[in-house]
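For reference, the structure is listed below as structure tokens.
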Amino acid sequence: MRVGLVGTGRIGESHAAAVAARAEVDELVLADADGARARDVAGRVGAHVAGAIDTLLHPGAVDALVVTAATSAHAELILAGVRAGIPVFCEKPVAPTVAETVDVLREVDKRQALVHIGFMRRFDAGYAEARRALRDGELGELHRVHAVTCDAAPPPAEYLPTSGGLFRDCLVHDFDILRWVTGREVVEVHAYGANRGADYFAAADDVDTAAAVLRMDDGTLATVQGSRYNGGGYDVRMELAGSAGTVAVGLDGHAALRSAEAGVDFPSQDPYREFWSRFAPAYGAEIAAFLSAVREGGPSPCTVADALEAVLVADAAERSRRAGRPVRIEEVRP
Ligand SMILES: NC(=O)c1ccc[n+]([C@@H]2O[C@H](COP(=O)([O-])OP(=O)(O)OC[C@H]3O[C@@H](n4cnc5c(N)ncnc54)[C@H](O)[C@@H]3O)[C@@H](O)[C@H]2O)c1
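Spelled out as structure tokens, the structure:
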């Protein structure tokens with residue numbers, strides 16, 4: 049299999065290494081707007097470099113395309129791949145706006161194209177086990193869900209203006225996995241934000257800390273909390289409580305908290321500091337699932353339609369925290 053990868057920045061290099069390690073991949077060809085960066089990464093992961101990005105985007109150029117470029121380039125690259133008949137994996141988000149996401153969705157649906165959007169938590173063993181336990185009835189009737197995503201340290205100021213804000217950039221992962229684990233849709237969000245760290249968050253019209261209450265279509269209540277500042281470490285967890293039991297995702301030896309109870313020495317290992325070390329197996333499984341879908345002709349493990357639903361929840365949360373009132377998902381659906 050010949051795979052093209054566009055965007056060899058922070059996550060692109062890690063994905064390139066994961067693709068290059070797959071036995072079914074005979075050749076990996078990299079491209080980036082910054083050619084020197086593509087050459088550096090190619091040297092480190094054992095890949096080739098494309099003469100120009102366009103050479104990867106015509107029919108038959110590659111068997112599969114991986115898009116890990118900056119968000120502003122996603123929609124154009126997905127559409128170029130789809131129009132050339134090439135299956136595409138693209139990091140989240142599909143596009144900077146809902147309107148552009150809908151445009152991509154229309155084209156993908158029209159062509160019945162295989163496009164996989166990178167919500168890697170769907171490939172994490174803990175979330176998969178929580179989903180199974182809920183589906184198999186081990187939790188009984190689900191009553192509440194609590195999800196947390198906290199970065200150990202904030203991104204630099206220059207990241208914020210194009211990030212989309214805390215809900216779209218970061219908590220969108222919680223909104224996607226909430227839908228995937230529960231199999232239910234969010235109908236309403238009431239969100240709050242706060243600025244507890246550097247002034248540059250407020251200057252970018254963003255918040256560094258947030259909490260939201262979500263109402264699901266079966267009456268389940270969910271809470272989602274997030275922060276760009278978490279002294280305890282990179283903290284990603286989810287708790288699902290039902291009439292017959294409770295299950296927790298991310299409550300392992302690396303959990304970024306300590307017990308206040310005497311004599312309890314759990315968790316005993318150092319907390320994760322960032323997303324790649326926490327989710328490395330999930331990122332690997334995600335790429336493997338994409339390549340498997342390419343070989344077998346689909347279906348996509350995480351569609352553009354899924355990505356749209358997650359971003360609508362994020363948009364509703366953003367509107368809610370600004371307006372200071374609950375916002376229904378239907379209010380933000382175009
Ligand atoms: N799923 C996750 O957990 C996760 C984590 C981090 C980042 N991401 C997503 O991955 C994407 C990349 O993030 P990053 O942190 O690696 O960013 P980055 O800034 O480190 O890298 C982006 C790369 O894209 C290149 N680029 C920009 N425009 C391009 C274009 N038009 N054509 C080709 N190359 C172009 C840049 O030169 C750069 O090398 C973002 O969309 C981000 O939302 C997802």
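Sequential numbering from 49 applies to the sequence shown in this note's numbering.
Note that the Cβ used here is the ideal one computed from N, Cα and C, for glycine as well.
* **R227 versus L305, R70, S275, A270, residue with shortest Cα-Cα distance** => Considering only alpha carbons, the answer is A270.
* **T197 - DSSP class collapsed to helix/strand/coil** => Here DSSP, grouped into helix, strand and coil, assigns T197 to strand.
* Asked: By a C-beta neighbour count over all protein chains shown, 10 Å radius and 16 as the cutoff for buried, is K158 buried or exposed?
  -> K158 is classed as exposed because its beta carbon has fewer than 16 other beta carbons within 10 Å across all chains shown.
* Nearest CA to the CA of A65: which residue from A84, G83, A90, E72? -> The residue with the shortest Cα to Cα distance from A65 is A90.
* Those residues, in chain order, that have a beta-carbon closer than 6 Å to some heavy atom of ligand 1 -> Chain-ordered list of matching residues: V54, G55, T56, G57, R58, I59, G60, D80, A81, D82, R85, I101, T116, A117, A118, T119, A121, E139, K140, G166, M168, F323.
* Asked: Are D74 and T56 touching if we call contact CB-CB under 7 Å?
  -> Pairing D74 with T56 gives a Cβ-Cβ distance that is not under 7 Å.
* Assumed close pair Y248, L208 - CB separation to whole angstroms, cut-off 8 Å -> Contact holds; Cβ gap of about 7 Å.
* **Three-state secondary structure assigned by DSSP to T268** => In the structure shown, T268 adopts coil according to DSSP, grouped into three states.
* To do: Run the CB neighbour count on S62, radius 10 Å, all protein chains shown included, and call it buried at 16 or more, exposed below.
  => With 16 or more other Cβ atoms inside 10 Å of its own Cβ, S62 counts as buried.
* To do: Give the straight-line distance between the Cα atoms of A176 and V229, rounded to the nearest whole angstrom.
  => One C-alpha to the other measures close to 7 Å.
* Hey, out of S307, A181, S211, R373, whose CA is closest to S316's CA? -> With distances taken between CA atoms, S316 lies nearest to S307 out of S307, A181, S211, R373.
* To do: Go to H221, then tell me how far its alpha helix (DSSP H) extends in each direction, as first and last residue.
  => Where H221 is concerned, the enclosing alpha helix (DSSP H) stretches over 220 to 230.
* **Spatial distance of D354 from G108 (CA atoms)** => Going by the C-alpha atoms only, they are around 28 Å apart.
* What three-state label does DSSP hand A112 in the structure shown? -> A112: strand per DSSP, three-state reduction.
* Between the Cα of A161 and those of L153, G94, V297, spot the shortest distance and give me the residue it belongs to. => Relative to A161, the option among L153, G94, V297 whose CA is nearest is L153.
* Asked: Is the distance from the Cβ of A296 to the Cβ of E309 below 7 Å?
  -> The answer is no: Cβ separation not under 7 Å.
* Taking all protein chains shown into account, do 16 or more other C-beta atoms lie within 10 angstroms of the C-beta of R244, making it buried, or fewer, making it exposed? -> Flag for R244 reads exposed.
* Have a look at the DSSP bridge pairing and note the partners of D283. => Note: D283 sits in a beta bridge opposite C198.
* What do you reckon, are the CB atoms on R367 and V375 nearer than 7 Å? -> Inclusion of R367 and V375 in the CB contact set at 7 Å is warranted, their separation being smaller than that value.
* Asked: Is G298 closer than 7 Å to V284 when the C-beta atoms are compared?
  -> Their beta carbons are under 7 Å apart, which means V284 touches G298 by this criterion.
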